[in-house]
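Student: Quick one: the structure is below, and I'll ask about it shortly.
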Amino acid sequence: MSHQFFTVILAASVLAGVSVLAVSPSVTNCPVASADGEDGDEPLEKAMEKLNRGFRDLRKAGSDYAKVLELATSMQQGAMMAKTETPETVSELDVKKQPMALKKFRLTMISLCEELLALEKAALNENAGQIKASVQKLRNIQQSGHKEFKGEDEEEGEKKGGKRGGRGGRGE
Numbered sequence: 005m006s007h008q009f010f011t012v013i014l015a016a017s018v019l020a021g022v023s024v025l026a027v028s029p030s031v032t033n034c035p036v037a038s039a040d041g042e043d044g045d046e047p048l049e050k051a052m053e054k055l056n057r058g059f060r061d062l063r064k065a066g067s068d069y070a071k072v073l074e075l076a077t078s079m080q081q082g083a084m085m086a087k088t089e090t091p092e093t094v095s096e097l098d099v100k101k102q103p104m105a106l107k108k109f110r111l112t113m114i115s116l117c118e119e120l121l122a123l124e125k126a127a128l129n130e131n132a133g134q135i136k137a138s139v140q141k142l143r144n145i146q147q148s149g150h151k152e153f154k155g156e157d158e159e160e161g162e163k164k165g166g167k168r169g170g171r172g173g174r175g176e
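Spelled out as structure tokens, the structure:
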């Protein structure tokens, strides 16, 4: 019962975020963190690490419905934390391009939240086929989001097993 309540609350939060974007007079007036790092991207890094850990662990969870449910919930929290942050790559853009890039980032994160809710629903319904389909959709969202919003140096670091990447994300 508590999982259903949490799902309803999270769904309402996601939908509220969507409707705020829909009724906002100018979505492109979203605040953007300064490029000099004053605001820092530590909250975004923490949220993304929570998501990345979840992606790693989803591979191992298979059809362990309780584990998938736990991971879906944790990843939802990470996605909700991340969606209001500004990626460094957006902060580094020309000031005129930042609002649209930030809007695109937020919409990507909302899509991630929606699919994480679908994953949670599949786990609650013990539907292994739907879990597999949701995991694939989540991977696609992750890959396109990383391609769009991660800096080249971060991607290279992950490929080489650097600070934020490597097997298990335990690089140096």
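Everything in the sequence shown is counted per the numbering used here, starting at 5 for the first residue and increasing by one. Here a beta-carbon is modelled for each residue, glycine too, at the ideal position from N, C-alpha and C.
1) Could you tell me which uninterrupted beta strand (DSSP E) segments, each at least 3 residues in length, are contained entirely in the stretch 52-108, listed from first to last along the chain?
2) Kindly indicate the opening and closing residues of the alpha helix (DSSP H) around Glu130.
3) Report, in whole angstroms, the separation of the C-beta atoms of Gly82 and Leu121, which I expect to be a contact under 8 Å.
4) Could you tell me whether any non-hydrogen atom of the ligand GDP is closer than 7 Å to the CB of Thr112?
5) Nearest by alpha-carbon distance to Arg143: which of Pro47, Leu48 and Gly58 is it?
6) Taking the CB atoms as reference points, tell me whether Lys154 and Thr90 lie closer together than 8 Å.
7) Beta-carbon separation of Val72 and Ala127 under 8 Å?
8) If you run the structure through DSSP and keep just helix, strand and coil, what is Lys136?
9) Can you have a look at Gly149 and say buried or exposed, based on whether 16 or more other CB atoms are within 10 angstroms of its CB?
10) In three-state DSSP terms, what is Lys50?
11) Out of Met85, Asp98 and Gly66, point me to the one whose CA is closest to Cys117's CA.
12) For Ser78, which option in Ala51, Ile114 and Glu96 has the closest C-alpha, if you only look at C-alpha atoms?
13) Given that a residue counts as buried once 16 or more other Cβ atoms are within 10 Å of its Cβ, and exposed if not, what is Glu130?
14) When the cut-off is 8 Å and only beta carbons count, does Gly149 lie next to chain E?
15) Can you tell me whether DSSP reads Lys154 as helix, strand or coil?
16) What does a CB cutoff of less than 7 Å around Ser115 pick up in its chain, not counting 5 residues either side in sequence?
Tutor: Answer, in terms of the structure:
1) Listed in chain order, nothing qualifies, since the stretch 52-108 has no complete beta strand (DSSP E) run of 3 or more residues.
2) Taking the first residue of the sequence shown as position 1, residue 130 is located at position 126. No alpha helix (DSSP H) holds Glu130; DSSP gives it neither H nor E.
3) Locating residue 82 in the sequence shown gives position 78, where the first residue counts as 1. Locating residue 121 in the sequence shown gives position 117, where the first residue counts as 1. Contact check for Gly82 and Leu121: beta-carbon distance about 14 Å, past the 8 Å limit, so the pair fails to qualify.
4) Ligands displayed in this structure: none; no statement on the ligand GDP is therefore possible.
5) In the sequence shown, the residue the question calls residue 143 occupies position 139. Closest option to Arg143, judged by alpha-carbon separation, among Pro47, Leu48 and Gly58: Gly58.
6) Taking the first residue of the sequence shown as 1, we reach residue 154 at position 150. Taking the first residue of the sequence shown as 1, we reach residue 90 at position 86. No, they are not a contact pair.
7) Within the sequence shown, numbered from 1, the residue matching residue 72 stands at position 68. Within the sequence shown, numbered from 1, the residue matching residue 127 stands at position 123. Going by C-beta atoms, Val72 is nearer than 8 Å to Ala127.
8) Counted from its first residue, the sequence shown places residue 136 at position 132. Of the three classes helix, strand and coil, the one that applies to Lys136 here is helix, per DSSP.
9) Counting from 1 along the sequence shown, the entry for residue 149 is found at position 145. Classification of Gly149: buried, given that the 10 Å Cβ count is 16 or more.
10) In the sequence shown, counting from the first residue as 1, residue 50 sits at position 46. Three-state DSSP puts Lys50 in a helix.
11) As a position in the sequence shown, residue 117 is number 113, starting the count at 1. If we check each option's Cα against that of Cys117, Met85 comes out closest.
12) For the purposes of this step, residue 78 is identified with residue 74 of the sequence shown, where counting begins at 1. The closest CA to that of Ser78, considering only Ala51, Ile114 and Glu96, is found on Ala51.
13) The residue labelled residue 130 in the question sits at position 126 within the sequence shown. In the assembly as shown, Glu130 is an exposed residue. Its beta-carbon has fewer than 16 other beta-carbons within 10 Å.
14) In the structure shown, chain E does not exist; there is a single protein chain.
15) Locating residue 154 in the sequence shown gives position 150, counting from the first residue. Secondary structure of Lys154 (DSSP, three-state): coil.
16) On the sequence shown, position 111 is the one that residue 115 refers to. When the five nearest sequence neighbours on each side are left out, the beta carbons in the same chain lying within less than 7 Å of the beta carbon of Ser115 are those of Ile145, in order along the chain.
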